[in-house]
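First up is the structure itself, then whatever we jot down about it.
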Amino acid sequence: MSYVKFPIQMQFKLPLPSPFAWSYTQAYLSRSRQEKLFFFDGDWLYRKLLASFGGHVIRLEVDELAKVIRAEILDTDTSGQAAVTEVEAFIKDWLDLETDLPAFYAVAQSDPMLGPVVQANPGLRITGVPDLLECMAGTILGQQVNTTFATTLKNRLIDAYGITSQWKGHTLCQFPAAETLAALEPEVLRPMSISQRKADCVI
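Using this note's numbering, you'd call the opening residue of the sequence shown number 3 and step up by one each time.
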């Protein structure tokens, strides 16, 4: 694994949609201390994006009072505006910034089950998994096991075949590339406690 230190490159802001309750999203992203693909350091959320999303190292913080997300691109091989465009799109997808919640609320209010849920959780948004491979592989590994063990299996895959970098003493990981997983034989995943069938499906 290669380890690289990154200087700050670019900064920009994204407006927060209304409604938006950062507390829900933050609690969801912080739910597991095992998470390897992103981490919090104080109020800042760090992540290294996959190559298919530009490969940028980013960090962001949410200022609900100012109604903005402050984002910094800490490392990139892409030109300024192209990098900002890619990171903006990733953040919007990841944090569900473009869902029209008021339109959903208008429909949900009249539903006897959804109505009370909406009223009790204003600004709750669905945190996404922008990379389809990561989402599908994580779903496969998580079948018929508890959440903690599912995360353990995903982390074993990341440790063995992902890409790792360093930022000020923190480790930044990326999910394995599709080409890397596709080239594996199921037998190499079995010592990770990944079943034969799950290994076949992931590959």
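Cβ coordinates follow ideal geometry from the N, Cα and C atoms, glycine included.
- Taking the Cα positions, Q121 is about 19 Å away from L99.
- The C-alpha of G117 lies about 21 Å from the C-alpha of T129.
- Rounded to the nearest whole angstrom, the C-alpha separation of T78 and P132 is 19 Å.
- The three-state reading of DSSP puts V70 in strand, counting E and B together.
- With 16 or more other Cβ atoms from the protein chains shown falling within 10 Å of its own Cβ, F22 counts as buried.
- Excluding sequence positions up to five before and after T154, its CB lies within less than 7 Å of the CB of Q36, all in the same chain and listed in chain order.
- Counting the other Cβ atoms within 10 Å of the Cβ of N157 gives 16 or more, which makes it buried.
- In the three-state DSSP reduction, L31 falls in the helix class (H, G or I).
- Under the 10 Å beta carbon count, H172 is surrounded by fewer than 16 other beta carbons and is classified as exposed.
- Between the alpha carbons of R49 and E189 lies a gap of roughly 31 Å.
- For the 8 Å CB-CB criterion, V59 and L174 form a contact.
- The C-beta distance from L16 to I71 rounds to 4 Å, short enough to meet the 8 Å contact threshold.
- Counting only the Cα atoms, D202 lies some 33 Å from T27.
- Shown here, K38 sits in coil according to DSSP, grouped into three states, outside any helix or strand.
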